[in-house]
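Please read the structure below before turning to the comments.
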Ligand SMILES: C[S@@+](CC[C@H](N)C(=O)[O-])C[C@H]1O[C@@H](n2cnc3c(N)ncnc32)[C@H](O)[C@@H]1O
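Residue numbers (my numbering): 1 to 230.
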């Protein structure tokens with residue numbers, strides 16, 4: 001289904017200082033664009049309409065956040081969600097958002113950016129075998145993340161899709177991430193921040209798969225060219 005173009009999205013994205021028009025210009029210097037550059041930096045890939053990042057960043061001024069989505073239309077909704085979460089309470093000083101294809105994430109993030117946490121929430125499952133390399137948790141993609149993640153950075157992943165969850169175990173192993181905790185039925189607690197897609201899946205009774213993994217040293221990395229064949 002094609003999404004109708006939101007005429008307001010691009011002008012609004014241009015109007016807010018925290019929406020980055022040319023993320024390539026920030027490569028290696030993301031920390032410096034925050035009011036508190038020494039804070040830990042987290043990244044959400046495929047942030048969608050920003051239901052998670054807007055509320056989480058508001059609740060955690062002690063972290064800096066980057067959020068990226070492929071589609072400007074969707075990022076426009078993310079910008080509105082951020083404005084709503086912060087409105088009249090405090091300045092939006094710990095979040096930057098930008099439109100970009102995560103398959104080319106290395107063009108906008110460098111080792112010096114030292115991202116300490118990575119969120120992947122309900123990325124497209126790409127069930128057809130020929131499309132799996134597009135998954136945002138595929139080995140090929142995890143190896144890209146490795147280039148800018150800080151040592152022992154954490155990856156947090158949620159999905160409704162059992163096949164994607166199972167395959168992600170393989171991808172994590174190939175790219176040398178170690179799972180610290182996981183569940184096939186994540187409960188909702190008072191602290192939970194439920195994303196838009198999560199709310200949709202929960203409303204139909206689908207269990208939510210969750211895992212938290214840590215990036216390990218590179219030394220024993222499997223051959224990067226052959227990893228993640230499926
Ligand atoms: C199923 S939605 C999930 C949105 C949100 N994370 C949530 O949990 O509600 C997947 C999102 O990933 C974005 N996306 C898919 N492929 C991407 C890519 N290669 N680069 C950046 N964003 C991508 C889509 O535009 C979409 O907004």
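Even glycine gets a Cβ: it sits at the ideal position worked out from N, Cα and C.
All values reported here derive from a predicted model rather than from experimental measurement.
query: Reduced DSSP category for residue 18 - H, G, I as helix; E, B as strand; rest coil; result: coil
query: Identified DSSP bridge partners for residue 200; result: Per DSSP, none; premise fails for residue 200.
query: Whole beta strand (DSSP E) elements within the region 127-173, 3-residue minimum; result: 149-159
query: Any non-hydrogen atom of ligand 1 closer than 7 Å to residue 19 Cβ; result: no
query: Collapsed DSSP secondary structure at residue 116 in the structure displayed; result: strand
query: Rounded C-alpha distance that separates residue 196 from residue 109; result: 26 Å
query: Own chain residues within Cβ distance below 6 Å of residue 230, not counting five before or after; result: Unreliable positioning characterises residue 230 in this predicted model, as indicated by a pLDDT of 49, which lies under 50. The coordinate reading is nonetheless provided below. Hits under 6 Å: 132.
query: At least three beta-carbon pairs within less than 8 Å, the region 98-105 to the region 133-147; result: yes
query: Backbone CA spacing between residue 153 and residue 120 [nearest angstrom]; result: 14 Å
query: Interface flag, residue 51 vs chain D, CB-CB below 8 Å; result: As a matter of chain content, chain D is missing from the structure shown, which is built from one protein chain.
query: Cα-Cα separation between residue 185 and residue 210, rounded to whole angstroms; result: 8 Å
query: Any non-hydrogen atom of ligand 1 within 7 Å of residue 201 CB; result: no
query: Proximity to residue 175 [Cα-Cα], best of 129, 218, 165; result: 218
query: Cβ-Cβ distance between residue 28 and residue 161 below 8 Å; result: no
query: Any non-hydrogen atom of ligand 1 within 7 Å of residue 197 CB; result: yes
query: Segment contact flag, the region 64-77 with the region 9-16, C-beta cutoff 8 Å, min 3 pairs; result: yes
query: Inter-residue spacing [alpha-carbon to alpha-carbon] between residue 23 and residue 179; result: 31 Å
query: Between the CA atoms of residue 208 and residue 134 - distance to the nearest angstrom; result: 21 Å
query: Span of the alpha helix (DSSP H) around residue 58; result: 51-59
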